[in-house]
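**Student:** Note that my numbering has the sequence shown beginning at 824, numbered continuously upward.
Positions of the beta carbon are idealized from the N, C-alpha and C atoms, including for glycine.
Remember, it's a predicted structure, so these values are computed and weren't measured experimentally.
Dropping a structure here in structure tokens format, bear with me for questions.
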Amino acid sequence: MKFGGTSVADAERIKRAARRIVKARDQGHHVVAVLSARGKTTDELIASAEEVSSTPDPREMDMLLSTGERISCALCAMAINDLGHRAISLTGSQAGIVTDTSHTRARILDVRADRIRQALEKDEIVLVAGFQGVSTARDVTTLGRGGSDTTAVALAAAIGAEVCEIYTDVAGVFSADPRIVPDARKLPIVSFEEMLEMSASGAGVLQLRSVEYARTHAVRIHCRSSFTEEPGTYVVGEEETMERPLITAVTHSTDEARITLLGVPDHPGIAGRIFTALADANVNVDMIIQNEPVSEGAQADMSFTVPRGDVRTAREALDPVVAEVGIARVAEDPSMGKVSVVGAGMKSHPGVAAKVFATLGREGINIEMISTSPIKISCVVQGDQVTTAVKALHQAFELGADEVRAEHPFEAAR
Ligand code: ADP
Ligand code: ASP
Ligand code: MG
824 MKFGGTSVAD
834 AERIKRAARR
844 IVKARDQGHH
854 VVAVLSARGK
864 TTDELIASAE
874 EVSSTPDPRE
884 MDMLLSTGER
894 ISCALCAMAI
904 NDLGHRAISL
914 TGSQAGIVTD
924 TSHTRARILD
934 VRADRIRQAL
944 EKDEIVLVAG
954 FQGVSTARDV
964 TTLGRGGSDT
974 TAVALAAAIG
984 AEVCEIYTDV
994 AGVFSADPRI
1004 VPDARKLPIV
1014 SFEEMLEMSA
1024 SGAGVLQLRS
1034 VEYARTHAVR
1044 IHCRSSFTEE
1054 PGTYVVGEEE
1064 TMERPLITAV
1074 THSTDEARIT
1084 LLGVPDHPGI
1094 AGRIFTALAD
1104 ANVNVDMIIQ
1114 NEPVSEGAQA
1124 DMSFTVPRGD
1134 VRTAREALDP
1144 VVAEVGIARV
1154 AEDPSMGKVS
1164 VVGAGMKSHP
1174 GVAAKVFATL
1184 GREGINIEMI
1194 STSPIKISCV
1204 VQGDQVTTAV
1214 KALHQAFELG
1224 ADEVRAEHPF
1234 EAAR
């Protein structure tokens, strides 16, 4: 059971999570619970780091950020003990979560869960601080924003849990972010394939790594509300999903920045140089477009998007390459957004892209970049147009809870 930040935000909610955990134990299950930092704690910790340093040392950042989750776990253990059950809280390191050494965005390499198993054998409820581990160099690491989801899935895999329940502030995974689209529909099941695309394109309800991990290790995820009892969304293998609607969800992100390289020499190997520099600096490049020069010997322009927080790192990584290969100019647009439609049904049905573009066109939204996968179409637009774009696409594809949906794929395509 994993409880997100909102679900442990205050004393009452910690007690509520404690009761929920105890109830599961009373029903005969052994429980390992992963907790996030309370409310906005992680944001506040980041802000306090920025108050003392403009470029906080990543190792120290992890020492700092990992404390948020420890607080939640210790408090919840106390609450559970008061309910007459024995609980023990563990840091990520104590729980045996071993990661690589990339601070603030570490990847889990191994889970040595013997301490958890021993505690479960002693009939203890185990509370693990999410979002953190210990590196192969024995430093504390964190797993990137939203990383407690990945802690939960990794532990579920390591101990062979029946299910990994992700308790959050919405009732499951929806056809769009319910904060933006009030009539978004809760999806009873969603395939790994679709959930990967959704998480990758901004549906922060499950961290991308957690979905990747669950797919690789066949962990069953049940994403549900920590405030109600109703079932939420099961993330399951492709073969288990019955229907293949054309479009499952509209996702978005307002966290994109575009970097444009103007006057790039048009030689083989240049793109490799540019993107190797970015990769070495651990910058996650998303969309890339290149305008081929119109005439021989002319220069190309190249644009790509990166998460806004990576712009400075990207610029620093690019500086030497720009000088070396003779790129004329670098421009930045920090306020871009992205809207995507995801659906396994689009694999076999033409016309989805046309409908996306036409819908955005009707709203007067200019599409600045486009990328596709077999089950996703993403458009980069100006950041302030994202909300309008999401609402328009959600309506155009009739995804709302009140819509009478044509479930038959041929009907839906019409
Ligand atoms: P937690 O703190 O529990 O991990 P998060 O804030 O990380 O919670 O994730 C839950 C939030 O994800 C919701 O409040 C919702 O606004 C947002 N969200 C974005 N897209 C979706 C979606 N398609 N379905 C459900 N929630 C979504
Ligand atoms: N507390 C961390 C964050 O806010 C990790 C998590 O909540 O999953 O990103
Ligand atoms: Mg989260």
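The beta strand (DSSP E) that contains Val-1175, what's its start and end?
**Tutor:** Run containing Val-1175: none in the beta strand (DSSP E); it sits in the alpha helix (DSSP H), 1175 to 1185.
**Student:** For Asp-992, which residues in the same chain have their Cβ closer than 6 Å to its Cβ, ignoring the five residues on either side in sequence?
**Tutor:** Result list for Asp-992: Thr-829, in chain order.
**Student:** So, for Asp-880: in the same chain, excluding its five sequence neighbours on each side, which residues have a beta-carbon less than 8 Å away from its beta-carbon?
**Tutor:** Here the set comprises nothing.
**Student:** Near Arg-909, what residues of its chain come up, given a Cβ to Cβ distance below 6 Å and the 5 sequence neighbours on each side ignored?
**Tutor:** Once the five neighbours on either side are set aside, the close Cβ partners of Arg-909 are Glu-947.
**Student:** Given the structure, does Ser-1049 come close to the ligand ASP, in the sense that its CB is under 7 Å from one of the ligand's heavy atoms?
**Tutor:** Checking every heavy atom of the ligand ASP against the Cβ of Ser-1049, none is found closer than 7 Å.
**Student:** What number of angstroms, rounded off, separates the C-alpha of Tyr-990 from the C-alpha of Ser-1049?
**Tutor:** Taking the straight line joining both Cα atoms gives about 5 Å.
**Student:** In three-state terms, what does DSSP make of Glu-1276?
**Tutor:** Nothing can be reported for residue 1276: it is not among the residues displayed for the chain, which extend from 824 to 1237.
**Student:** Taking 8 Å as the limit between beta carbons, can you name the residues of its chain near Ala-1140, skipping five residues before and five after?
**Tutor:** Result list for Ala-1140: Ala-1100, Leu-1101, Asp-1103, Ala-1104 and Val-1106, in chain order.
**Student:** Need the endpoints of the beta strand (DSSP E) that Leu-898 sits in, please.
**Tutor:** It is not in any beta strand (DSSP E) - Leu-898 instead sits in the alpha helix (DSSP H) that spans 881 to 905.
**Student:** Pick out whichever of Ile-911, Gln-917, Gly-907 and Ser-876 has its Cα sitting closest to the Cα of Leu-898.
**Tutor:** Cα-wise, what sits closest to Leu-898 is Ile-911.
**Student:** At a threshold of 7 Å, does Glu-892 count as lining the ligand ASP (C-beta to nearest heavy atom)?
**Tutor:** Result yes, Cβ under 7 Å from the ligand ASP.
**Student:** Ends of the beta strand (DSSP E) at His-1045?
**Tutor:** It spans 1044 to 1048 - the beta strand (DSSP E) in which His-1045 sits, taken as one unbroken run.
**Student:** Where are the alpha helix (DSSP H) runs, 4 residues long or more, that stay fully inside the segment 1089 to 1133, in chain order?
**Tutor:** The qualifying runs are 1093 to 1103.
**Student:** Within 8 Å, do at least three Cβ pairs link the segment 1157 to 1166 to the segment 1071 to 1081?
**Tutor:** The segment 1071 to 1081 is in contact with the segment 1157 to 1166.
**Student:** Roughly how many angstroms lie between the CA atoms of Ala-847 and Ala-952, to the nearest whole one?
**Tutor:** Each residue's alpha carbon lies about 19 Å from the other.
**Student:** Should Thr-1051 be labelled buried (16 or more other beta-carbon atoms within 10 Å of its own) or exposed?
**Tutor:** Exposed.
**Student:** Could you check the C-alpha separation between Phe-1180 and Gly-1027 for me, to the nearest Å?
**Tutor:** Each residue's Cα considered, the two are about 24 Å apart.
**Student:** Give the secondary structure of Gly-828 by DSSP, where H, G and I count as helix, E and B as strand, and everything else as coil.
**Tutor:** Looking at Gly-828 - three-state DSSP - the assignment turns out to be helix.
**Student:** Does the distance from the C-beta atom of Arg-1043 to that of Pro-1054 stay below 8 Å?
**Tutor:** Cβ distance not < 8 Å, so Arg-1043 and Pro-1054 don't count as in contact.
**Student:** Let me check you understand the geometry: is the CB of Asp-1000 closer than 7 Å to at least one non-hydrogen atom of the ligand HEM?
**Tutor:** Among the ligands present in this structure, namely the ligand ADP, the ligand ASP and the ligand MG, the ligand HEM is not found.
**Student:** Between the segment 1029 to 1037 and the segment 962 to 973, are three or more C-beta pairs nearer than 8 Å?
**Tutor:** In short, these stretches touch, since the Cβ pair count reaches three.
**Student:** Please state whether the Cβ-Cβ distance between Leu-1216 and Thr-1195 is less than 8 Å.
**Tutor:** Not closer than 8 Å, so no.
**Student:** What three-state label does DSSP hand Glu-835 in the structure shown?
**Tutor:** It is helical.
**Student:** Does any CB atom of chain B fall closer than 8 Å to the CB of Ala-1102?
**Tutor:** Note that chain B does not occur in the displayed structure, where there is just one protein chain.
**Student:** State the beta-bridge partners of Leu-1085 as determined by DSSP.
**Tutor:** Per DSSP, Arg-1152.
**Student:** Can Gly-1092 be considered in contact with the ligand MG, in the sense that its beta carbon sits closer than 7 Å to one or more heavy atoms?
**Tutor:** Checking the Cβ of Gly-1092 against the ligand MG gives no.
**Student:** From Ile-939 to His-926, what distance separates their C-alpha atoms?
**Tutor:** About 25 Å.
**Student:** Figure out for me which residue from Glu-1186, Val-1059 and Thr-1039 has the closest Cα to the Cα of His-1045.
**Tutor:** That would be Val-1059, whose Cα lies nearest to the Cα of His-1045.
**Student:** Let me confirm a value: Leu-932 is counted as buried when at least 16 other C-beta atoms fall within 10 Å, else exposed. Which label applies?
**Tutor:** Leu-932 should be labelled exposed.
**Student:** Could you give the first and the last residue of the continuous alpha helix (DSSP H) run that contains Glu-1017?
**Tutor:** Here the alpha helix (DSSP H) through Glu-1017 covers 1015 to 1023.
**Student:** Name the two residues that bound the continuous alpha helix (DSSP H) containing Val-1203.
**Tutor:** Looking at the DSSP string, Val-1203 is not in any alpha helix (DSSP H); the run it does join, the beta strand (DSSP E), is 1199 to 1205.
**Student:** I'd like to check one pair, Val-1087 with Asp-1109: are the Cβ atoms closer than 8 Å?
**Tutor:** In this structure, Val-1087 does not lie closer than 8 Å to Asp-1109 by Cβ.
**Student:** Just to check my reading of the structure: Ala-841 and Leu-906 have Cβ atoms closer than 8 Å, yes? What is that Cβ distance to the nearest angstrom?
**Tutor:** Rounded, the Cβ-Cβ distance is 6 Å, consistent with contact.
**Student:** Based on the DSSP output, what are the partners of Thr-991 in its beta bridges?
**Tutor:** In the DSSP output, where bridge partners are listed per residue, Thr-991 has Ser-1048.
**Student:** Can you pull the DSSP bridge partners for Lys-1009?
**Tutor:** Answer by DSSP bridge pairing, in chain order: Phe-997.
**Student:** Check the C-beta distance from Gly-915 over to Val-854 and give it rounded, since I have them as a contact under 8 Å.
**Tutor:** So it is not a contact: roughly 18 Å between Cβ atoms.
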